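Below: one structure, written as structure tokens.
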Amino acid sequence: MWEELATTPQPLPLPLLQGRGSLRSSRGSLCPDQQLCPRTHRALCAAVTTTDLAETQALLGCGAGVSCFSGDPAAPTPLALAEQAGQTLQMEFLRNNQSTEVPRLDSVKPLEKHYSVTLPTVSHSGFLYKTASAGKPLQDRRAREEFSRRWCVLSDGVLSYYENERAVTPNGEIRASEIVCLAVSPLDTHGFEHTFEVYTEGERLYLFGLENAELAHEWVKCIAKAFVPPLAEDLLARDFERLGRLPCKAGLSLQQAQEGWFALTGSELRAVFPEGPWEEPLQLRRLQELSIQGDSENQVLVLVERRRTLYIQGERRLDFMAWLGVIQKAAASLGDTLSEQQLGDSDIPVIVYRCVDYITQCGLTSEGIYRKCGQTSKTQRLLDSLRQDARSVHLKEGEQHVDDVSSALKRFLRDLPDGLFTRAQRLAWLEASEIEDEEEKISRYRELLVHLPPVNRATVKALISHLYCVQCFSDTNQMNTHNLAIVFGPTLFQTDGQDYKAGKVVEDLINHYVVVFSVDEEELRKQREEVTAIVKMRVAGTASGTQHAGDFICTVYLEEKKVETEQHVKIPASMTAEELTLEILDRRNVSIREKDYWTCFEVNEKEEAERPLHFAEKVLPIVHGLGIDSHLVVKKCQSMEAMLLYLASRVGDTKHGMMKFREDRSLLGLGLPSGGFHDRYFILNSSCLRLYKEVRSHRPEKEWPVKSLKVYLGVKKKLRPPTCWGFTVVHETEKHEKQQWYLCCDTQMELREWFATFLSVQHDGLVWPSEPSRVSRAVPEVRMGSVSLIPLRGSENEMRRSVAAFTADPLSLLRHV
1 MWEELATTPQ
11 PLPLPLLQGR
21 GSLRSSRGSL
31 CPDQQLCPRT
41 HRALCAAVTT
51 TDLAETQALL
61 GCGAGVSCFS
71 GDPAAPTPLA
81 LAEQAGQTLQ
91 MEFLRNNQST
101 EVPRLDSVKP
111 LEKHYSVTLP
121 TVSHSGFLYK
131 TASAGKPLQD
141 RRAREEFSRR
151 WCVLSDGVLS
161 YYENERAVTP
171 NGEIRASEIV
181 CLAVSPLDTH
191 GFEHTFEVYT
201 EGERLYLFGL
211 ENAELAHEWV
221 KCIAKAFVPP
231 LAEDLLARDF
241 ERLGRLPCKA
251 GLSLQQAQEG
261 WFALTGSELR
271 AVFPEGPWEE
281 PLQLRRLQEL
291 SIQGDSENQV
301 LVLVERRRTL
311 YIQGERRLDF
321 MAWLGVIQKA
331 AASLGDTLSE
341 QQLGDSDIPV
351 IVYRCVDYIT
361 QCGLTSEGIY
371 RKCGQTSKTQ
381 RLLDSLRQDA
391 RSVHLKEGEQ
401 HVDDVSSALK
411 RFLRDLPDGL
421 FTRAQRLAWL
431 EASEIEDEEE
441 KISRYRELLV
451 HLPPVNRATV
461 KALISHLYCV
471 QCFSDTNQMN
481 THNLAIVFGP
491 TLFQTDGQDY
501 KAGKVVEDLI
511 NHYVVVFSVD
521 EEELRKQREE
531 VTAIVKMRVA
541 GTASGTQHAG
551 DFICTVYLEE
561 KKVETEQHVK
571 IPASMTAEEL
581 TLEILDRRNV
591 SIREKDYWTC
601 FEVNEKEEAE
611 RPLHFAEKVL
621 PIVHGLGIDS
631 HLVVKKCQSM
641 EAMLLYLASR
651 VGDTKHGMMK
661 FREDRSLLGL
671 GLPSGGFHDR
681 YFILNSSCLR
691 LYKEVRSHRP
701 EKEWPVKSLK
711 VYLGVKKKLR
721 PPTCWGFTVV
731 HETEKHEKQQ
741 WYLCCDTQME
751 LREWFATFLS
761 VQHDGLVWPS
771 EPSRVSRAVP
781 EVRMGSVSLI
791 PLRGSENEMR
801 RSVAAFTADP
811 LSLLRHV
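With the first letter of the sequence shown counted as 1, position 67 gets the number 67 in UniProt numbering; the numbers rise by one all the way through.
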């Protein structure tokens, strides 16, 4: 047989070559022959020195080169090695296959492809420096001497590392399927300039390093491709600092945990979930909440951003703690400029919001507010805490003095490297203050405002809005517009105060606040009402000698109005409906189960109607406006789950349809016959509620701004409503005159849909708070939770025509049968 083999070259069988063929270097593409994994060549060099001819044949089928370099100058090829080892059969076999070309898989017809093994998705090899694997986070710097040089091969979904490039048996292996996280360390974190970490399901951490940036980047790229599935491969399109998979919960349904893929780049966390569309990245410095729930063994990282909440579970402690550390760091302030601060939902730095909110609650009537300085040491400590992590700082009356807080805010604004009005535009603002024509000057201010960076523009508006409120109480605090301008002019423009140009800009902005910042009347009215309520309660509290002048004692009931269920609660100016609800439940030791929608209701016994307060609604103004027939009660909102499901599934934020309408007899309104309900067509959009006499009407008979409406569930029985599914709607005009009317739906489902739409429109889609506060009682300053909505196509006239056509066609009714 061997004589025939020697005289007639026998190429390898084609099926074998096809079945053990070329390796892939990237998804869906084949490697060139010269890039085939060196591991296969080394294995061939080892095999030819033995009697295992079948192994040699298999390796040649896998793409090992007959003429590959062995690494030994004395025996540079596999043939030379076989001759050196005295393996005659190996030598003959290699000679007979020297002219054999291993066919490329892409040249084989599709029907002829037969794979005996799973093809790897990526391959790479080269030297890496690594340390011994660890079972806990790396706290200390690893010196260069702690790294060992290893020949590393990534192939067939396995990362193997060898003593050297000639070794056949690996020192260890890391399977790509077991990799849960890949992290790129900052430069010079360890002894090598470029290092990266690999975390595995077995709670092991592997540290690798290189001096060459390009080689290190290529290794990170290849390892990432090896363990990231196709559904998350878009995460690889950008450089990342950390990449991996974590169990998490998100969305309305929190029953089932799913495995999400995450990539962190700067302060941006991108996420991909097996079920659900690609989501916009989480901006970590804009989070409303970043907290850790649960005990040390079952920790959950809670990230709350506008309209969404993400719960990341600590199933594996090693990589979870690493993720936690980098996310907390990314969510902190990056520097001293405004844009590098932790930001709120409206682009206002959290540090500014914290100070302004506290002074609004506790310092509006403080004499000389902002003119008087706080204690230097306390001010500096407070400012340091705010700069480090403003989100975690909660200012409380009795713990911080208003003058310390006001001084911290002024120092923060004065120390901004680029200033609030920016170095580039500072001179233009000062020159604008000298324009004599008032209208031209205001126009110039508005123009300059548009050209400020977004964060600066939002901060200027928030600050001037606050100063506008402060000067409204100048009779008490002695800080009129001019006095505030003297203080804040040099602060905001970072001048020495020798001239009044800077102060003149601030004074103009306060005096013309409504026009310069385009503040609508409704926004201004609500702002005035809130601060007026705060000041009234503080004055009342001071007169009665209470310890906290901003607090007010109110009776709140649990589930129903009974003596045994009443609770007397101190209502501070900052308390929200959500906080009040949790306070009552805590007092009575009521545990909250999933899908228990506990809510605070404003109940009007005279009108036989009730209104669930929005979770972020301040309670103090509500208490201040309660009549003798009204009270607050905390109970479950039975329809909330159905409303949330409706909001999540609907298309668009507009609702329209027929309802029964009746106006209050005591008010002149639409001239309807007295004492009855009448069919009317309504359209509710993001700005107003419109009433039409019928579907085909083109001009509304009445129109109300939707955010100025208070909608109560229920209609008093003496009005004889046609159905039991009704609303009582109250509208307060600018002159504080109240208008009231009643609406009735045909079904409970219609009632819930209309009420859900009212809530969604009035509160920008934020109908219900995120889950953590209801479980942990940890109430943040602002809670967001809901879903983004898709706008409905078509104009209102088109919608009316569509409904008119529907009602005109009797056959269309059969669609609901």
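Heads up, the beta-carbon is just placed ideally off N, CA and C, and yes, glycines get one too.
Predicted model only: the values in this text are computed from it and were never measured.
Considering only C-alpha positions, which residue in the set the options is nearest to residue i?
i       : options                            : result
Phe-196 : Ser-160, Leu-138, Cys-248          : Leu-138
Asn-164 : Glu-92, Val-158, Arg-39, Val-651   : Arg-39
Phe-661 : Asp-679, Val-455, Pro-349, Lys-221 : Asp-679
Ala-577 : Val-556, Ser-377, Lys-562          : Val-556
Arg-414 : Thr-265, Thr-495, Asp-319          : Thr-495
Val-633 : Glu-602, Ala-428, Tyr-468          : Glu-602
Val-455 : Cys-373, Ser-339, Asp-508          : Ser-339
Val-402 : Tyr-370, Ala-167, Ala-143, Val-228 : Tyr-370
Asp-508 : Leu-467, Gly-497, Asp-520          : Leu-467
His-698 : Pro-274, Val-711, Ser-708, Ile-683 : Ile-683
Tyr-206 : Val-450, Val-761, Glu-315, Ala-134 : Ala-134
Val-761 : Gly-419, Asp-653, Met-643          : Asp-653
Asn-483 : Val-506, Tyr-681, Gln-498          : Val-506
Thr-309 : Glu-280, Phe-320, Leu-318, Gly-325 : Glu-280
Between which two residues does the alpha helix (DSSP H) harbouring residue i extend?
i       : result
Met-91  : 88 to 96
Met-643 : 640 to 649
Cys-469 : 454 to 471
Met-658 : Met-658 -> not in any alpha helix (DSSP H); beta strand (DSSP E) instead, spanning 655 to 663.
Trp-768 : Trp-768 -> no alpha helix (DSSP H), and no H or E assigned at all.
Ser-760 : 748 to 762
Val-515 : 513 to 516
Thr-77  : Where Thr-77 is concerned, there is no enclosing alpha helix (DSSP H), given that its DSSP letter is neither H nor E.
Lys-710 : Segment 709 to 713 is the beta strand (DSSP E) holding Lys-710; no alpha helix (DSSP H) there.
Lys-441 : 438 to 450
Thr-379 : 376 to 389
Arg-414 : 402 to 414
Whole angstroms are fine: how far does the CA of residue j sit from the CA of residue i?
i       : j       : result
Val-623 : Pro-612 : 14 angstroms
Met-640 : Glu-440 : 51 angstroms
Ser-574 : Val-356 : 12 angstroms
Arg-588 : Lys-504 : 55 angstroms
Arg-528 : Ile-435 : 30 angstroms
Gly-368 : Thr-459 : 23 angstroms
Phe-755 : Arg-720 : 21 angstroms
Cys-724 : Val-304 : 38 angstroms
Ser-465 : Arg-381 : 27 angstroms
Gln-313 : Gly-202 : 17 angstroms
Phe-208 : Glu-218 : 13 angstroms
Arg-204 : Lys-136 : 8 angstroms
Thr-265 : Leu-236 : 11 angstroms
Leu-60  : Phe-192 : 38 angstroms
Val-651 : Val-352 : 37 angstroms
Leu-647 : Tyr-358 : 34 angstroms
Trp-598 : Ala-533 : 26 angstroms
Ala-58  : Ala-64  : 9 angstroms
Gly-625 : His-512 : 30 angstroms
Asn-477 : Lys-618 : 24 angstroms
Ser-649 : Phe-758 : 16 angstroms
Hey, quick one: how far does the beta strand (DSSP E) through residue i stretch, first residue to last?
i       : result
Ala-271 : 268 to 272
Asn-604 : 598 to 604
Pro-705 : 702 to 705
Tyr-742 : 738 to 745
Tyr-681 : 678 to 684
Phe-488 : Premise fails: Phe-488 lies in the alpha helix (DSSP H), 481 to 493, not in any beta strand (DSSP E).
Arg-242 : 242 to 250
Check whether the region 422 to 440 touches the region 374 to 390, taking contact to mean three or more Cβ pairs, one atom from each stretch, closer than 8 angstroms. no
What are the start and end residues of each continuous alpha helix (DSSP H) run of 4 or more residues lying completely inside the UniProt domain "PH" (121 to 228), in chain order? 213 to 227
Evaluate the contact criterion for the region 509 to 517 versus the region 441 to 449: three or more CB pairs, one atom per stretch, below 8 angstroms. yes
Identify every run of the alpha helix (DSSP H) within the region 276 to 352, keeping only runs that are complete inside it and at least 4 residues long; order them along the chain. 317 to 331
Examine the Cβ distances between the region 256 to 275 and the region 216 to 236 and report whether three or more of them are shorter than 8 angstroms. yes
With three or more C-beta pairs closer than 8 angstroms as the rule, is the region 591 to 611 touching the region 747 to 762? no
Which parts of the UniProt domain "Ras-associating" (550 to 639) are runs of the alpha helix (DSSP H), unbroken and 4 residues or longer, counting only runs that do not cross its ends? 577 to 587, 619 to 625
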